[in-house]
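Numbering (my numbering), first residue to last: 6 to 363. For every residue, glycine included, the Cβ atom is placed at its ideal position computed from N, Cα and C. For reference, the structure is listed below as structure tokens.
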């Protein structure tokens with residue numbers, strides 16, 4: 006079958022501790038079955054991957070013995086989605102009961118050193134290669150309309166070096182998709198030692214709706230400035246640019262000063278990153294994380310913390326009791342959010358003149 010490969014690498018971006026981390030090949034992802042795409046497709050064009058993902062989904066659902074994805078789709082209970090508005094902020098709480106059972110065969114050996122290496126992925130998994138990543142349908146769906154997982158072909162940390170790859174993927178997927186990265190274990194990354202990004206097909210997230218309604222959004226430009234909106238009630242840095250290099254420069258500078266601020270105070274650091282591309286440019290969201298597990302998660306016995314979707318206002322519950330805890334009377338979702346994200350005044354102090362509307 007036809008393999009799509011485009012790897013500009015866009016190197017030169019790293020963070021403080023990546024130099025001491027393990028860098029090696031993740032194996033031969035080309036040995037996995039790659040989707041057949043229409044001949045003549047222009048992989049340099051905006052939004053080309055959206056149609057390719059439709060093909061990938063159809064082929065994956067047609068694979069005998071890979072029933073977990075079908076079961077996951079069937080078990081997603083859209084009727085239990087609830088939108089909340091607390092302290093002036095919008096939250097959407099989703100019940101994704103299809104994610105409860107992870108005992109189905111997906112990885113060759115879940116106890117292995119790295120479940121994302123090529124030889125550990127299920128041989129029935131279909132995917133495509135682009136920008137140095139193996140992209141597949143995520144069998145543990147959160148968003149029913151589309152949920153992807155893209156694994157770096159190199160075994161290297163889940164850190165800021167993945168951001169340029171996320172930007173490249175956002176342009177390839179187009180405006181109906183948002184690409185997500187959990188930057189490090191503090192930010193909810195389940196496999197912090199192997200870089201990967203996710204993508205979800207959503208027309209708009211709660212944070213995007215709030216930003217659009219706030220009147221604080223500014224036109225896409227390439228000046229070195231970041232938006233830190235106070236009226237959203239969340240510490241979310243917004244960056245826009247018409248060019249991927251300009252976007253990357255803004256994000257890198259903001260990331261470095263925020264990380265330095267946290268580390269200088271002895272606080273663990275990570276980040277939740279999301280980017281969406283349209284034909285005019287990019288809009289990115291960056292939430293500086295200082296804690297992995299909020300108190301409510303710990304009380305529920307959850308061992309992994311909220312991630313980028315939660316930073317954007319979408320809280321996913323995988324069990325009925327978790328859903329009830331998130332949506333019950335007086336549930337302080339906004340307090341839980343504030344517990345894990347750097348305070349607004351600290352981010353403002355770190356960003357200084359970089360931040361507008363602070």
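Beta-carbon contacts of residue i that lie in its chain and below 7 Å, excluding the five residues immediately before and after
i	result
residue 355	262, 263 and 266
residue 70	129
residue 256	168, 244, 289 and 291
residue 47	53
residue 353	233, 360 and 363
residue 195	309
residue 64	40 and 131
residue 272	295
residue 371	The shown model of the chain, from 6 to 363, leaves out residue 371, and the question about it has no answer.
Collapsed DSSP secondary structure at residue i in the structure displayed
i	result
residue 315	helix
residue 54	helix
residue 4	An answer regarding residue 4 cannot be provided, because it is not within the stretch 6 to 363 covered by the chain.
residue 94	strand
residue 84	Unreliable placement is indicated for residue 84, whose pLDDT of 46 sits below 50; no coordinate value is reported for it.
residue 212	helix
residue 142	strand
residue 206	strand
residue 380	Coverage of the chain is limited to positions 6 through 363, which leaves residue 380 absent and any answer about it impossible.
residue 240	coil
residue 60	helix
residue 351	helix
residue 78	helix
residue 123	helix
residue 200	coil
residue 233	coil
residue 357	helix
residue 132	strand
residue 37	coil
residue 345	helix
When the options are compared against residue i, the one with the closest alpha-carbon
i	options	result
residue 177	212, 322, 117 and 281	281
residue 350	76, 101, 236 and 312	236
residue 234	168, 194, 246 and 290	290
residue 40	52, 101, 47 and 57	57
residue 60	33, 47 and 141	141
residue 164	193, 319 and 48	193
residue 148	197, 206 and 68	206
residue 153	208, 144, 160 and 159	144
residue 219	94, 33 and 80	94
residue 181	283, 119 and 254	283
residue 121	33, 80, 101 and 78	33
residue 118	74, 31 and 146	31
residue 319	341, 308 and 271	341
residue 270	247, 253 and 295	295
residue 343	253, 97 and 293	293
residue 213	241, 187, 249 and 254	241
residue 186	96, 277, 97 and 324	277
residue 158	35, 323 and 307	35
residue 208	339, 317 and 254	317
Cβ neighbour criterion (16 or more within 10 Å) applied to residue i
i	result
residue 3	The structure shown does not extend to residue 3, since the chain is modelled only from 6 through 363, so no value can be given for it.
residue 315	buried
residue 200	buried
residue 113	exposed
residue 348	exposed
residue 28	exposed
residue 327	buried
residue 228	exposed
residue 303	exposed
residue 162	buried
residue 136	buried
residue 50	exposed
residue 268	exposed
residue 24	Interpretation of residue 24 is limited by its pLDDT of 35, a score under 50 that renders its predicted location unreliable; the figure taken from the coordinates is listed afterwards. Exposed: under 16 other Cβ atoms inside 10 Å.
residue 215	buried
residue 211	buried
Beta-carbon contacts of residue i that lie in its chain and below 6 Å, excluding the five residues immediately before and after
i	result
residue 184	171, 174, 175, 202, 204 and 280
residue 297	191 and 310
residue 150	206
residue 436	Nothing in the structure corresponds to residue 436, since the chain is present only between 6 and 363.
residue 299	341, 344 and 345
residue 249	172
residue 68	129
Sequence-distant residues of its chain with Cβ nearer than 8 Å to residue i (five each side left out)
i	result
residue 37	123, 126, 128, 130, 131, 132 and 139
residue 358	none
residue 258	229 and 359
residue 55	178, 179, 181 and 182
residue 274	189, 191, 263, 264, 267, 268, 293, 294 and 295
Cutoff 7 Å: residue i Cβ touching any chain C Cβ
i	result
residue 331	The chain inventory of the structure shown lacks chain C, comprising one protein chain alone.
Runs of beta strand (DSSP E) wholly within the region 247 to 334 (minimum 3 residues, chain order):
275 to 283, 286 to 294 and 319 to 322
Can you check the region 144 to 194 for any alpha helix (DSSP H) of at least 4 residues that lies completely inside it and give the ranges in chain order?
168 to 178
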